[in-house]
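Trainee: Top to bottom, those sequences are chains A and B.
Using our numbering, read the first sequence as starting at 574 and increasing by one per residue.
Using our numbering, read the second sequence as starting at 1074 and increasing by one per residue.
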Amino acid sequence: MRGGWGPVLALSKRSVVNTIRQPQFVIPSLFFPLFFAALNVASFNKSIGLPGFPKVDSFLDFMLAATVVQGVLFGATGGGNDMAVDIQDGFFDRLVASPVPRWSILVGRLGGAAALGAAQATLFTGIMVLFGASIKGGIPSFLAIVVVSVVLAVAIGGFAVALALRSGSAEAVQASFPIFFISLFLSSAFFPRQLMHGWFKTAATYNPISWMVEGLRNLVIRGFDLGQVGRALAVSGGLGVVSITLASLALRSRVRSA
Amino acid sequence: MSAATETVRAAPDEGGSLAAVTAKLAGRSLMLIPRVPSTFIPSLVFPIFLVVAFSGAFSALVKLPGFPVPKMIDWVLPMAIVQGAAFAGITTGLGVARDLEGGFFDRLRLAPVRPTALVTGPLLAAAGRSLPPYLIVLVVGLLSGARMPGGIPGALVLLVASVGIAIVAGGWAVGLALRIKSMQAAPLMQVGVFLLIFLSTAQVPLSVMTGWLHTVARFNPMTYVLALGRQGFIGGLTWHESWPGLLALGAGCVLFTLFAVRGLRSFTD
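(1) Would you check if there are 3 or more beta carbon pairs closer than 8 Å linking the region 1137-1146 of chain B to the region 1269-1278 of chain B?
(2) Report the option in 812(A), 665(A), 683(A), 630(A) whose CA atom is closest to the CA atom of residue 651(A).
(3) Suppose the cutoff is 8 Å on Cβ atoms and the five residues either side in sequence are ignored; what does the same chain contact list for residue 1194(B) look like?
(4) Does any residue of chain B have a CB that is nearer than 7 Å to the CB of residue 758(A)?
(5) On the three-state DSSP scale, how would you describe residue 742(A)?
(6) Would a check of beta-carbon distances place residue 1129(B) closer than 7 Å to chain A?
(7) On the three-state DSSP scale, how would you describe residue 630(A)?
(8) Measure the CB-CB distance between residue 793(A) and residue 638(A) and report whether it falls below 7 Å.
(9) Let me check understanding here. Comparing Cα to Cα, which of 655(A), 734(A), 766(A) lies closest to residue 594(A)?
(10) Could you check whether residue 1310(B) and residue 1226(B) sit closer than 7 Å to each other, using their CB atoms as the reference points?
(11) Under 8 Å by Cβ, that's how I've got residue 1273(B) and residue 1296(B) pegged, so tell me the actual separation to the nearest angstrom.
(12) How many Å lie between residue 1154(B) and residue 1170(B) at the Cα?
(13) Skipping 5 residues on each side, what residues in its chain have a beta carbon closer than 6 Å to that of residue 1236(B)?
(14) Pull out every residue of the region 1301-1314 of chain B whose Cβ sits closer than 7 Å to any Cβ of chain A, in chain order.
(15) Quick one: which chain B residues come within Cβ less than 7 Å of residue 763(A)?
(16) Which first and last residues belong to the alpha helix (DSSP H) in which residue 1308(B) is found?
(17) Please return the same chain residues whose Cβ sits closer than 6 Å to the Cβ of residue 1361(B), not counting the five positions on each side in sequence.
(18) What number of angstroms, rounded off, separates the C-alpha of residue 828(A) from the C-alpha of residue 669(A)?
(19) Please list, in chain order, the chain B residues whose beta carbon lies closer than 7 Å to that of residue 773(A).
(20) Between residue 1146(B) and the rest of its own chain, which residues show a CB-CB distance below 7 Å, the 5 nearest in sequence each way excluded?
(21) Using a C-beta cutoff of 7 Å, does residue 574(A) count as contacting chain B?
(22) Quick one: does residue 615(A) have its CB under 7 Å from some CB of chain B?
(23) Taking 7 Å as the CB-CB limit, is residue 780(A) close to chain B?
(24) Hey, is residue 1282(B)'s beta-carbon within less than 7 Å of any beta-carbon in chain A?
(25) My parser needs the alpha helix (DSSP H) runs of 4 or more residues fully inside the region 606-650 of chain A; what are they?
(26) DSSP on residue 1081(B), reduced to helix/strand/coil?
(27) For residue 1254(B) and residue 1270(B), what's the separation of their Cα atoms in angstroms?
(28) On the three-state DSSP scale, how would you describe residue 1108(B)?
(29) To the nearest angstrom, report how far apart residue 701(A) and residue 795(A) are at their CA atoms.
(30) For residue 798(A), name the three-state secondary structure that DSSP assigns.
(31) Is residue 1204(B) a contact residue of the ligand ATP, with contact defined as CB to any heavy atom under 6 Å?
(32) Taking C-beta pairs closer than 9 Å, name the residues in chain D that residue 623(A) reaches, listed in chain order.
(33) Spell out whether any CB of chain A is found under 7 Å from the CB atom of residue 1276(B).
(34) By the 10 Å Cβ neighbour count, where 16 or more other Cβ atoms means buried, how is residue 1327(B) classified, buried or exposed?
(35) Does residue 620(A) have its Cβ less than 7 Å from a Cβ in chain B?
(36) Spatial neighbours of residue 1287(B) within its chain, please: C-beta separation below 8 Å, excluding the five flanking residues on both sides.
Below, the structure is given as structure tokens:
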């Protein structure tokens, strides 16, 4: 267990078990995206007939990608919260004192976020298909959605872990949640950009969350397309590179001061 | 003994009726607005965010047949103001939960005041706390392009809806705080109010809804409270649109005040 992937697997498993044992974090990340999906489908289903609305069978098809992304955003900050708790209760210091590679502390935590992201994407897609959503791209599109969700979960988890390592405070991590929430609402996640106007349309156009959600949505409502997969992966992967860099720097700084 | 407890103890000597103690406790709660702004800011920021996000993202919905306003902000603004008032009610409940955790509530219970005042005080504070979000969000909305053809009477019925919802949400939150006796009641307070608001005509009118939501919203009293508050943004006031909302608010205030008062019975000592 001194090096390699053993500690990573052990810490990832601990991260997943931590998440499962905290229903106060798991349930909202499952309930709210599904609730919003049900609410928006019943509220906005008639809007699919508006001129300019992308061709879809129902608003449920349109909402699928947004629901998955919303769930991942909700859930991925939990990893950062757990890291902050580890710092507060001294577990982090014991990990640093133990003979495990430093990077496994970070990768183990992000591995847990990745597993939760994959589970959420599978669950949300499954439930929405049960309620009548159709994925035009079939299994390849579904797999692409899961892969992008995993990358996004790592990216958002990376930001949350970086914040936890810098602040050492679970409250600070929780307080960061509105930033992701606002980013999602100022995008085209819940309504097509073609039907927006003015500054809001401009904000949604330049919001990377829009590019990612639209890429995933096109896999659902049009069919499998490597270009759309690349578009969604480019955004989530780009966010991941930035967040993991920040988290690595924060880890180095925290280990030095430990 | 803290100054706050002395203030409350002094109330009966000042002609110390239920009303006097209620006013003292409400004043103490309202003092937190300047002293701990973090307990107040969410009731201001969240409604403004709702106005921006909903009126921007869903602006095209007004083109649907049956949508009664020309711009989405006219539909969203009253809902956001009512939402802010509900937040104000929840914040008051959180204040009671904080007092319970900190032991201040126990000292209040030992003071020679009528127990009912321990509920009516926070509820009066909830009504007071709903006024700043009402004024600020209304002004922000009007400056952002909302139209209110109903004029001053329209603004007044929206005020009635806001204050009423603050008391209803306050009763719910205080009742939960008294039963759970901890800040852990917070998610339950918020989810209850969130569901009440969003399972109504918060986003779109009944005529635009489909499926299960149409049925739920039709029986949700919040639909009628929002109809009351929105009149000034749709046109003139009518009794036909007003009385169901007034009835829902009146019944809600009575029921949730009773819910909160009965929460006092959970103290066995």
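For every residue, glycine included, the Cβ atom is placed at its ideal position computed from N, Cα and C.
Mentor: Well, looking at it:
(1) yes
(2) 683(A)
(3) 1094, 1095, 1096, 1097, 1098, 1099, 1101, 1102
(4) yes
(5) coil
(6) yes
(7) coil
(8) yes
(9) 655(A)
(10) yes
(11) 4 Å
(12) 25 Å
(13) 1200, 1203
(14) none
(15) 1130
(16) Residue 1308(B) -> no alpha helix (DSSP H), and no H or E assigned at all.
(17) The requested residue 1361(B) is not part of the displayed model; chain B covers only 1074 to 1342.
(18) 7 Å
(19) 1129, 1130
(20) 1124, 1128, 1214, 1217, 1218, 1219
(21) For residue 574(A), the predicted structure reports a pLDDT of 46, less than 50, and the residue's modelled location is therefore unreliable. A value from the coordinates is still provided. No, residue 574(A) does not count as interfacial toward chain B.
(22) yes
(23) no
(24) yes
(25) none
(26) Interpretation of residue 1081(B) is limited by its pLDDT of 49, a score under 50 that renders its predicted location unreliable; the figure taken from the coordinates is listed afterwards. DSSP places residue 1081(B) in helix when its eight states are reduced to three.
(27) 25 Å
(28) helix
(29) 17 Å
(30) coil
(31) Ligands in the displayed structure: none, and consequently the ligand ATP is not present.
(32) The chain labelled as chain D is not found among the protein chains of the depicted structure, namely A and B.
(33) yes
(34) exposed
(35) yes
(36) 1279
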